[in-house]
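Residue numbers (this note's numbering): 1 to 344.
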Ligand SMILES: Cc1ncc(COP(=O)(O)O)c(C=O)c1O
């Protein structure tokens, strides 16, 4: 099977498994696991933040950030296709009691003036609206096609947000991909935000875990909510070791995933009946529309050809490259897609 459903399907390598098996561990809820501490220190250093917290998932990292920045009744501004809105089971409402104010972006990216447009009238005592507290950006943007926020646009959005006394959180589940693609270090992106979440279990290939980074006082607050949300883990060093290994050994190689995505997209452009968003292929994702058959039908035909892909809408399919697929697999997958679209 060539599994292109997501970069979350990656399996730990032998070397990663060895690092995990050898990890020193202790009770991290009591604050004594040395491997978790080492991972948190490394993440904080790479992101240029005071402190970081290891958590079970990207969803928890984001939701801890929202909970720690806000109070019930607050408003959080984000893009309408953002992961926190589309795919986190309405957690901002359920866990933080917050309303999401949505901005329609271009491949998940919006401008500073679009942000200013959703501000409540300033200076007005307003008992009718939620209190706007936080702006959330996603880089790379998943439903945007793995698109990258231009750094100048982040800076402009930050300026507008700060003028309105808003805080900023970055959903950086795939920030590693943005950095490798642009050459802009993670910390350069992170400096525009009060908090940043990153994932180890996507392109980096670790089996479990994400982290939230920010100022020390903010992370102390998030740590209390992590316990409240049930995310305190005991001998977590065994999985943190996989994450640490992934950070040190699998970041640079993301460039190969990006090259494979471009290769795949170019091959798919040759297939009649598909509309490929080639400009949107900026990192490790390829999205295309099916013009002649429903996406679900193509997904099941492809499964018979040994290729797994994900339908994200009635006529839209997503493919994601990662460390368990090769350039040769791109060729095999493109041929299978061609045959499946043609009815084979
Ligand atoms: C942009 C983005 N943020 C957050 C998450 C959530 O990560 P998890 O599946 O670990 O909860 C994902 C998952 O795919 C994602 O793509």
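Cβ atoms here follow ideal geometry from the backbone N, Cα and C, with glycine treated the same way.
Item                                                                                                                                                                              : Value
Since residue 261 and residue 281 should fall inside the 8 Å C-beta cutoff, what is the C-beta to C-beta distance between them, to a whole number of angstroms?                   : 6 Å
Could you give the distance in angstroms between the alpha-carbon of residue 369 and the alpha-carbon of residue 198?                                                             : In the structure displayed, the chain extends from 1 to 344; residue 369 sits before or after that span and is not available.
Kindly indicate which residue of 226, 1 and 335 has the alpha-carbon position closest to the one of residue 96.                                                                   : 226
Indicate whether residue 100 and residue 177 have their beta-carbon atoms separated by less than 8 Å.                                                                             : no
Where does residue 54 fall in DSSP's three states?                                                                                                                                : strand
Could you name each continuous alpha helix (DSSP H) segment of 4 residues or more that falls completely within the segment 208-259, going from the start of the chain to the end? : 216-228 and 237-249
Nearest CA to the CA of residue 326: which residue from 337, 259 and 313?                                                                                                         : 259
Identify the continuous alpha helix (DSSP H) that holds residue 300 and give its terminal residues.                                                                               : 295-304
Restricting to runs no shorter than 4 residues, where is the alpha helix (DSSP H) found entirely within the segment 93-142?                                                       : 112-117
Is residue 5 a contact residue of ligand 1, with contact defined as CB to any heavy atom under 7 Å?                                                                               : no
Apply the 10 Å Cβ neighbour rule to residue 4 and answer buried if 16 or more other Cβ atoms are within range, or exposed otherwise.                                              : buried
Which class does residue 160 belong to by DSSP, given the choice of helix, strand or coil?                                                                                        : helix
When we look at the beta-carbon of residue 11 and count the other beta-carbons within 10 Å, is it buried (16 or more) or exposed?                                                 : exposed
Can we count residue 83 as close to ligand 1, meaning its CB is less than 7 Å from some heavy atom?                                                                               : yes
As a quick exercise: from 250, 223 and 164, pick the residue whose alpha carbon is nearest that of residue 204.                                                                   : 250
Under 8 Å, do residue 188 and residue 151 count as touching if we go by C-beta distance?                                                                                          : yes
What's the C-alpha gap between residue 271 and residue 338?                                                                                                                       : 6 Å
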